[in-house]
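Chains as they are written, first to last, in the working numbering: chain A, 1085 to 1721; chain B, 3 to 364.
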């Protein structure tokens, strides 16, 4: 208690010195220093506010906005893909997708999330890292009921707050790869695509058409995503809706495909490797297009797993290839009608010119065999086409020379892209002297022409090309651009200006193929005049010219191109049966498709006549009454 | 030696500035806690301010020499309270700072401040020399250090640090040799790194996140970043009362107590904070003015102690809000919601008025 004593002493001895010592006026300098320090502190503080509030307030107001506004994409449904009658080929189904919000993402959560949703953690980590610029990353589509339940119970602020469920649209394709190569599929936009100027208005994570019509008409099909902005608090609870931009769904795409024809084409090719194309030669409209092997597109919808993708893309049978427009194969004898018109128009032969076929002939020191070992004997154009005599066309080719062959074949579209509105079409090859010089820096040998004359050698076509080429002859030497989008004006690509009698000769030859016991007699239909041409193309020959191994099997490819009716063709069908050995294996495929077309046409005619239950009507009194009453009523009123 | 005194002599400018700050505080508390579970905080704050003014008048009417004469009873009384708090206090957010007395939940560490101001004034006035010697310095440091350690153990580093400016300003006013200053500075430089290891993990986190707030934006850096965003979001003119998103959507931690100034800055902008800070400057300067006119060194020490404490509070709290000080969790005097702190500030202002009322004694 020394201090207490000090105080007592202080009260007792109030000496002048003591008072002086107690005089507070002795410390003005120190107080002044304190005042300066105080002012300095306030300047220090105010300058801090100045820096935050006045110098760059935008940075912080944006940060505050990011805090409080949670914007969720409202995904737009893609347009449907329809057939020519408006029937749905590709549809959308509402589903749920999981997205991760960038601002609350934690790499630590990824393994647990992946575990629950059967995703690959390494892949997801890479994706999250790659999509740095996206505020949200959709990581899984088509969530199952269990997965949705799991997400809903784990998306709270303490567990995995980055998870958010949104409504999405799942692309629903026909099952079992039906029309897979035509419709194509969608997928997440690739990094390489994003960098190209063509995709300037796409963002990371956008779904984009990857193949087929989905790719070709992506701009039509894809809608505009909307956005929902919600005010959230610090716990992530939604407080109120700020605003919502409605998603604009994509436009439906009406195609020229006919599901009925397509179905028959799919069925008749079965699971054989090859392709079938049906088109309307009057306009170039594609009615059906099939390629085998095919693959289930529903595995591709949205975000395909790497394993599924590898399985399909590494398949040696190349299911992704649309053989209808991407195969480049020797046309074989289907090339002969083009040779015939070339020979007739050039005047090197006429329909009376005959050659002798002993089963083969020698040209330029090489022996070229006919497919018929014992020979066709003396043969003119008509039988040469219908019986597919090789020796006849060796001679025609020899007389024409490669450049005249090329001239007429290219007129029919061989060696050029048809311009169909599908991605990835190949142009095939139509050899010529110039072509060889340019490509191989070599002279053309006349012997090579002999092979080309029967559709072998360097000449390669896609099924669509050869179908368009032959049916254009049936159309009177008019070739229209093939297309898939309904309602497009027809575009005349090329016009032959052939002499009618020359065309008639070739067409009657093709008629003979089917109707006069020719190589395509299996395509005969009782009520329709079917024309066509078979082809049995050697794979080995193709390989030698191309110098690359395309197929595991070296068996011949079977071709058949048919169209009907003879006088005014409405439908042309090509069937390619890879390694089908003999051309007659391809013929029934074409016949079935053509038959389906005319069956449907007569049914439609009956329907439009009001005769809805034509056959069974006698068994059904109401239908019978309708069948009698409807035409009567129409004529009365 | 008995003089008749009237409240006409009270420091009215000081009171006006004080009540203006309290009014800003109450309005801000109202706005910030609207539709939260603290929605009743604003009228409670009115009660604290009202009772605080009464306490101020009572203290002002008592001669500060009388209070200084009994300072040891107060001192040991508060030490006992601190120990009692440690034993039976309420644990909130992992620290034991509050004790229930007669229905009030009091933060005992807040009242230690007043006792320390009186104690330092009392001790320093009793000294004879022109400057302090080591023994005297050690003694006064020990008097301050004991409650500091007790409060630090609660743990409440922030409040315990507020005791230091009382000691430092007192000692400097009393006179300290340059040699002493240099030695103290040297010892601090050596011991601070060691002190860092003695910090609790959460305190280390706070220091780290003060220096690198973006290192862990969802963790301890969260408060630093969110407070800065709130302040910046205010801009020049502010978002307007009740219009601030950072405050009302809960991104700002405790927007009515420690972070009330962030909330204020968000709603009233740069203009608003300049007004508020000028009021604080006036408040402190007015207290210092009372120190200048004090009749004896005891009055001077008391007023300077109060001024130093207020300055420290404003510096640390507002500095924290604006990201220029680490997070220590000490309230902003007069504006932050809370009874103990408001009362302790009014008690200190009572001491200042007590000094003022007796300036013409001799």
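Quick reminder that beta carbons are idealized off the backbone N, C-alpha and C, glycines included. Nothing here was measured: the structure is a model prediction, and the numbers come from that model.
Original post:
According to DSSP, which residues form a beta bridge with residue 1191 (chain A)?
Top reply: Note: residue 1191 (chain A) sits in no beta bridge, so no partner.
Original post:
Any chance the region 1140-1153 of chain A sits against the region 295-311 of chain B, with 3 or more Cβ pairs inside 8 Å?
Top reply: no
Subject >> Closer than 9 Å at the beta carbon, the chain B residues around residue 1510 (chain A) >> reply: Going along chain B, no residue has its Cβ under 9 Å from residue 1510 (chain A), so there is no contact; the nearest lies around 54 Å.
Original post:
Which residue spans inside the region 1593-1671 of chain A form an unbroken beta strand (DSSP E) run of at least 3?
Top reply: 1615-1621, 1641-1648 and 1655-1661
**OP:** Identify which residue in A:1270, A:1179 and A:1683 has its Cα closest to the Cα of residue 1296 (chain A).
**Re:** A:1270
Original post:
Can you round the beta-carbon distance between residue 1680 (chain A) and residue 1344 (chain A) to whole angstroms, since I take them to be within the 8 Å contact cut?
Top reply: 6 Å
Original post:
Alpha carbon to alpha carbon, what distance is there between residue 1493 (chain A) and residue 1422 (chain A)?
Top reply: 6 Å
**OP:** Enumerate, from N- to C-terminal direction, the unbroken beta strand (DSSP E) stretches of 3 or more residues contained entirely within the region 175-214 of chain B.
**Re:** none
Original post:
Can you name, in chain order, every residue of its own chain whose Cβ lies under 7 Å from the Cβ of residue 1260 (chain A), other than the five neighbours on each side?
Top reply: If we look at residue 1260 (chain A) and ignore the five residues flanking it on each side, its Cβ neighbours are 1380.
Original post:
Alpha carbon to alpha carbon, how far is residue 1607 (chain A) from residue 1598 (chain A)?
Top reply: 6 Å
Subject >> Members of the region 1141-1156 of chain A near chain B, C-beta cut-off 7 Å >> reply: 1141, 1143, 1144, 1145, 1147, 1148, 1151 and 1152
Subject >> residue 1301 (chain A) versus residue 1293 (chain A) - alpha carbon distance >> reply: 8 Å
Subject >> Neighbourhood of residue 1464 (chain A) by C-beta distance below 7 Å, restricted to the same chain and skipping five residues each side >> reply: These residues qualify, in order along the chain: 1435, 1436, 1437 and 1438.
Subject >> Neighbour flag for residue 1393 (chain A) against chain B, beta carbons, 8 Å >> reply: Answer no: the Cβ-Cβ gap between residue 1393 (chain A) and chain B never drops below 8 Å.
Subject >> Contact with chain A by residue 135 (chain B), beta-carbon distance below 8 Å >> reply: Taking Cβ atoms only, chain A never reaches closer than 8 Å to residue 135 (chain B), which makes this a no.
Subject >> alpha helix (DSSP H) runs contained entirely in the region 238-289 of chain B, provided each spans 4 or more residues >> reply: Within the region 238-289 of chain B, the runs of alpha helix (DSSP H) that reach at least 4 residues and sit entirely inside it are, in chain order, 247-250.
Subject >> Of the listed residues B:261, B:21 and B:244, nearest to residue 233 (chain B) (C-alpha basis) >> reply: B:261
Original post:
Quick one: does residue 1129 (chain A) have its CB under 8 Å from some CB of chain B?
Top reply: Judged by the 8 Å Cβ criterion, residue 1129 (chain A) is in contact with chain B.
**OP:** Could you name the residues of chain A that residue 272 (chain B) contacts, counting a contact when the two beta carbons are closer than 8 Å?
**Re:** Ordered by position in chain A, the residues that pass the 8 Å Cβ test against residue 272 (chain B) are 1133, 1134, 1137 and 1138.
Original post:
For residue 327 (chain B), which residues of its own chain have a beta-carbon under 6 Å away from its beta-carbon, when the five flanking residues on both sides are left out?
Top reply: Cβ-Cβ distances below 6 Å link residue 327 (chain B) to 318 and 321 in the same chain, with the five nearest sequence neighbours on each side left out; the list follows chain order.
Original post:
Name the DSSP beta bridge partners of residue 1369 (chain A), please?
Top reply: A:1364 and A:1567
Original post:
By Cβ distance below 6 Å, which residues in the same chain neighbour residue 295 (chain B) in space, the five residues on each side in sequence not counted?
Top reply: 361
Original post:
Using 8 Å as the limit for Cβ to Cβ distance, is residue 1243 (chain A) near chain B?
Top reply: no
Original post:
So which residues on chain B does residue 1115 (chain A) lean against when the C-beta distance must stay under 7 Å?
Top reply: 290, 293 and 294
Original post:
What does DSSP give as the partner residues of residue 1287 (chain A) in its beta bridges?
Top reply: Paired residues: none, contrary to the question.
**OP:** Can you give me the Cβ contacts of residue 1537 (chain A) inside the same chain, cut-off strictly under 6 Å, excluding the 5 residues immediately before and after it?
**Re:** Closer than 6 Å at the Cβ level, and outside the excluded window around residue 1537 (chain A), lie 1423, 1477, 1478 and 1481.
Original post:
Buried or exposed: residue 142 (chain B), going by 16 or more other Cβ atoms within 10 Å of its Cβ?
Top reply: buried
Original post:
Can you tell me whether DSSP reads residue 359 (chain B) as helix, strand or coil?
Top reply: DSSP places residue 359 (chain B) in helix when its eight states are reduced to three.
Original post:
Name the chain B residues that come within less than 8 Å of residue 1323 (chain A), Cβ to Cβ?
Top reply: 251
Original post:
Which chain A residues sit within Cβ distance under 7 Å of residue 200 (chain B)?
Top reply: For residue 200 (chain B), there are no neighbours in chain A by C-beta distance under 7 Å, as the nearest C-beta there is about 28 Å away.
Original post:
Who are the neighbours of residue 1119 (chain A) on chain B, taking C-beta pairs under 8 Å?
Top reply: Simply 287 and 290.
Original post:
In terms of residues, what are the limits of the alpha helix (DSSP H) holding residue 1543 (chain A)?
Top reply: In this chain, residue 1543 (chain A) is not harboured by any alpha helix (DSSP H), its DSSP state being neither H nor E.
Subject >> Cross-chain neighbours of residue 1181 (chain A) in chain B, by beta carbon under 9 Å >> reply: Neighbours of residue 1181 (chain A) on chain B: none; closest Cβ ~25 Å, over 9 Å.
Original post:
From B:288, B:285 and B:231, pick the residue whose C-alpha is nearest to that of residue 271 (chain B); which is it?
Top reply: Ranked by Cα distance from residue 271 (chain B), the options B:288, B:285 and B:231 are led by B:231.
**OP:** Can you give me the start and stop residues for the beta strand (DSSP E) that residue 1453 (chain A) sits inside?
**Re:** 1450-1453
Original post:
DSSP on residue 1244 (chain A), reduced to helix/strand/coil?
Top reply: coil
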